[in-house]
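**Student:** Numbering (full-length UniProt numbering), first residue to last: 1 to 358.
Even glycine gets a Cβ: it sits at the ideal position worked out from N, Cα and C.
Once you've had a glance at the structure underneath, I'll fire off some questions.
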């Protein structure tokens, strides 16, 4: 409760507090929980609801007015009779989250019917970044736009079942959990957020929404909705703070794609394998097929590294800058430098036969 009290003390004018409660993977696994469930003849869902109710009661001891929000996912499979008997519908506001695009949207009709019979009011939650891949560098705008459109469609179908849909939280993740790497940085995802917000406000995505988002963020041309596949041309940096980071990450995304294409070059896979290098069986004619591209790519990534490090340090903490570069740039620099060095060594072997190629 200390954390909740700190939040309440720091945001005295807030009308709502979100207490979490999602993805409780280890529910009912510790000895204390098992003992309590055994004594009360409870299932795991009873344990979860009891925990939430006790937190709500603690909050109500000092604050009678604030709306208390929890994520809904742990309640999706709870029997409707258990939900009703707990009277959880009188205590909390569920925030129903779902981050998939229209063609993958999976919330069933029966879920809305169940929630409508328990909760008079609800919140919903979409995503504008970070909900696709742990290592995502460039935000897939089309994907998140489709998620907003799926929610708008869902609201049209089921929103009237509730007294009120209180609002939507357009979430943006920075990590999948505390132990994973950084996904898209906020400046990279800001255009996607603008598109998502304007789509929700407008009721759908159209040419006017596209133009408005692009103009607000200072794009010379319309911002790119289909950010994949890469590589793609990268225009001038947009004018919003962090616009240089946005562009540098797009350029980096191009380089990473080009790196993977390079590493599948026939002359690397078929004529410059570790086996051939180890046995000094490398034909320099094959090296000449990929080395110029490798050197250009190395120079491009080195330039992006310098640019990004300077721009990132204007906005982020040093530890964030260090992590981002270590994960997204350094591995490619190291591999390309080693590749270029190996080619040099192998070429020297043909001049100085006594030297080992490896």
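Going residue by residue through the region 73-128, where are the continuous beta strand (DSSP E) segments of at least 3 residues, counting only ones entirely within it?
**Tutor:** Runs of the beta strand (DSSP E) inside the region 73-128: 93-97.
**Student:** With 16 other CB atoms within 10 Å as the buried threshold, where does residue 1 fall?
**Tutor:** Taking the chain shown and counting its residues from 1, the one referred to as residue 1 is at position 1. Exposed: under 16 other Cβ atoms inside 10 Å.
**Student:** For residue 38, name the three-state secondary structure that DSSP assigns.
**Tutor:** Position 38 of the chain shown, counting from 1, holds the residue named residue 38. Of the three classes helix, strand and coil, the one that applies to residue 38 here is helix, per DSSP.
**Student:** Please list, in chain order, all residues of the same chain as residue 187 whose beta carbon is under 6 angstroms from its beta carbon, the five residues on each side excluded.
**Tutor:** On the chain shown, residue 187 is found 187 positions in, with the first residue counted as 1. So the qualifying residues of the chain are 242, 245 and 246.
**Student:** Considering only their Cβ atoms, is the gap separating residue 151 from residue 122 smaller than 9 angstroms?
**Tutor:** The residue labelled residue 122 in the question sits at position 122 within the chain shown. The residue labelled residue 151 in the question sits at position 151 within the chain shown. Taking 9 angstroms as the Cβ cut-off, residue 122 and residue 151 do not qualify as a contacting pair.
**Student:** Find out if the Cβ-Cβ distance for the pair residue 126, residue 99 is shorter than 9 angstroms.
**Tutor:** Numbered from its first residue, the chain shown carries residue 126 at position 126. Numbered from its first residue, the chain shown carries residue 99 at position 99. In contact: residue 126 and residue 99 (Cβ atoms closer than 9 angstroms).
**Student:** Could you check if residue 319 is buried or exposed, using at least 16 other CB atoms within 10 Å of its CB as the buried criterion?
**Tutor:** Start at 1 with the first residue of the chain shown, and residue 319 comes out as number 319. That one is exposed.
**Student:** Assess contact between the region 17-24 and the region 66-76, defined as three or more Cβ pairs (one per stretch) separated by less than 8 angstroms. Is contact present?
**Tutor:** With the cut-off at 8 angstroms, the region 17-24 and the region 66-76 touch.
**Student:** Where does the unbroken alpha helix (DSSP H) through residue 53 begin, and where does it stop?
**Tutor:** By one-based count along the chain shown, residue 53 stands at place 53. It spans 44-60 - the alpha helix (DSSP H) in which residue 53 sits, taken as one unbroken run.
**Student:** Go ahead and label residue 343 buried or exposed: buried means 16 or more other beta carbons lie within 10 angstroms of its beta carbon, across all protein chains shown.
**Tutor:** Looking up residue 343 in the chain shown gives position 343. Classification of residue 343: buried, given that the 10 Å Cβ count is 16 or more.
**Student:** Pull up the CB-CB distance for residue 315 and residue 255, whole angstroms please, since I reckon it's below 8 angstroms.
**Tutor:** Walking along the chain shown from the start, residue 315 turns up at place 315. Walking along the chain shown from the start, residue 255 turns up at place 255. 22 angstroms between Cβ atoms; not a contact.
**Student:** Determine the burial state of residue 129: buried for a count of at least 16 other Cβ atoms within 10 Å of its Cβ, exposed for fewer.
**Tutor:** Along the chain shown, one-based indexing puts residue 129 at 129. So residue 129 counts as buried.
**Student:** Taking C-alpha atoms, which residue in 213, 310 and 293 lies nearest to residue 264?
**Tutor:** Position 264 of the chain shown, counted from the start, is the residue given in the question as residue 264. If we check each option's Cα against that of residue 264, 293 comes out closest.
**Student:** Do the region 166-186 and the region 220-230 meet, that is, are 3 or more Cβ pairs less than 8 angstroms apart?
**Tutor:** No: the two stretches stay apart, fewer than three of their Cβ pairs being nearer than 8 angstroms.
**Student:** Per DSSP, which residues does residue 71 bridge with? Please list them.
**Tutor:** Against the chain shown, residue 71 aligns to sequence position 71. 95, per the DSSP bridge assignment.
**Student:** Going by C-alpha distance, which of 87, 134 and 289 is nearest residue 359?
**Tutor:** The first residue shown for the chain is 1 and the last is 358, placing residue 359 beyond what the model contains.
**Student:** Within 10 angstroms of the Cβ of residue 261, are there 16 or more other Cβ atoms? Answer buried if so, exposed if not.
**Tutor:** Translated into the one-based positions of the chain shown, residue 261 becomes position 261. Exposed: under 16 other Cβ atoms inside 10 Å.
**Student:** Taking the alpha helix (DSSP H) that residue 21 belongs to, which residues open and close that run?
**Tutor:** To locate residue 21, count along the chain shown from 1; it is residue 21. Where residue 21 is concerned, there is no enclosing alpha helix (DSSP H), given that its DSSP letter is neither H nor E.
**Student:** Could you pull the DSSP bridge partners for residue 199 from this structure?
**Tutor:** For the purposes of this step, residue 199 is taken as residue 199 along the chain shown, with counting starting at 1. Residue 199 pairs with nothing; no bridge assigned.
**Student:** Hey, how far is the Cα of residue 133 from the Cα of residue 146?
**Tutor:** In the chain shown, counting from the first residue as 1, residue 133 sits at position 133. In the chain shown, counting from the first residue as 1, residue 146 sits at position 146. Computed Cα separation, rounded: 16 angstroms.
**Student:** Can you tell me whether DSSP reads residue 12 as helix, strand or coil?
**Tutor:** Looking up residue 12 in the chain shown gives position 12. Here residue 12 sits in coil by DSSP.
**Student:** On the three-pair Cβ rule with 8 angstroms, is the region 100-115 touching the region 152-160?
**Tutor:** These segments touch.
**Student:** To the nearest angstrom, how far is the alpha carbon of residue 328 from that of residue 306?
**Tutor:** Your numbering for residue 328 matches position 328 in the chain shown. Your numbering for residue 306 matches position 306 in the chain shown. Cα-Cα distance, rounded: 13 angstroms.
**Student:** Does residue 339 come out as helix, strand or coil in the three-state DSSP assignment?
**Tutor:** As a working mapping, residue 339 is identified with position 339 in the chain shown. Note: residue 339 maps to helix in three-state DSSP.
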